[in-house]
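Undergrad:
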Amino acid sequence: MKVAVFPGTFDPLTLGHLDLIKRGSALFDQLAVAVMTNRSKKPLFTVEERVAQIREAVSGLDNVSVITNDGLTVDLMNRIGADYLMRGLRNTTDFQYERDIAAMNNFLDDQCETVFFLAKPEYQHLSSSILKEVTSSGGDISAYLPKNINEALKQRIEEEKLKQVKEHNEKTR
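Have a look at this one:
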C-alpha cells in the first residue's frame, strides 16, 4: 500500500493545496494531510480550526485523512507507516527550499522519499500569506479558496480588525 503525507500549516488551505490533495489522492492509496505547527509563523486559525476546515474541504475524498503533528515529519511518517512525503512546488524558490528539506528528511530517515508535484499555472502565484493580506485589505480572493474556508477567513479577518480597534480604544482612554 502506498501511503503518503502532505504536511503544511494550511493557514488557510487554498485551492492550490486542494488541487494537490486531489492529485495526490489519485496517486497514493492513502494520503494524510498533516496540519503542522510552524513556530516561525503566527497562524490566523488554530490547529483544530484548520483540521475542521480541511476535513470539510476534502470530505469527498475517501482515501484522504486529516491529522496533526507537532514534531518531525519523518517521525510522523514512521508512526503512520508512510513511505512518501508529498510536496508542492510553485517556483524555483520553492524548489530550492523543498530540495533542502527533502535532503534533511532523507538524512533523518533514508526510507523517506519525497514526491514533488508542480502547481498548476493558475495556482503558482498563490500563498496563504498573500491571500490573508489581500483579504485583510478588503480584496475578494474567493476564487482561490474553498467556500467554507473563504467564509471562515473573512469572518476571522473581521474579528481581528475589531480586536485591534478595541485594543486601540483601550489604549487611548
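Residues 8 to 180, numbered by the working numbering, are exactly what the sequence shown covers, in order.
By construction, the Cβ of each residue, glycine as well, lies at the ideal position given by its N, Cα and C atoms.
Excluding the five sequence neighbours on either side, which residues of its own chain have a C-beta within less than 6 Å of the C-beta of Phe123, listed in chain order?
TA: Arg94 and Leu96
Undergrad: Is the Cβ-Cβ distance between Tyr130 and Gly15 less than 9 Å?
TA: no
Undergrad: Check the C-beta distance from Asn112 over to Thr80 and give it rounded, since I have them as a contact under 8 Å.
TA: 6 Å
Undergrad: List in chain order: all unbroken alpha helix (DSSP H) runs of 4+ residues lying wholly within the stretch 52-137.
TA: 54-64, 80-87 and 99-115
Undergrad: Taking the beta strand (DSSP E) that Leu38 belongs to, which residues open and close that run?
TA: Taken as a continuous stretch (DSSP letters only), the beta strand (DSSP E) holding Leu38 covers Gln37 to Met43.
Undergrad: Would Asn176 and Glu63 qualify as a contact pair, given that the criterion is a beta-carbon distance under 9 Å?
TA: no
Undergrad: Tell me Ala11's beta-bridge partners as DSSP assigns them.
TA: Leu38 and Tyr91
Undergrad: Please classify Ser144 as buried or exposed, where buried requires at least 16 other C-beta atoms within 10 Å of its C-beta.
TA: With fewer than 16 neighbouring CB atoms inside 10 Å of its own CB, Ser144 falls in the exposed class.
Undergrad: Taking 8 Å as the threshold, find out whether the stretch 53-63 comes into contact with the stretch 33-45 through three or more Cβ pairs.
TA: yes
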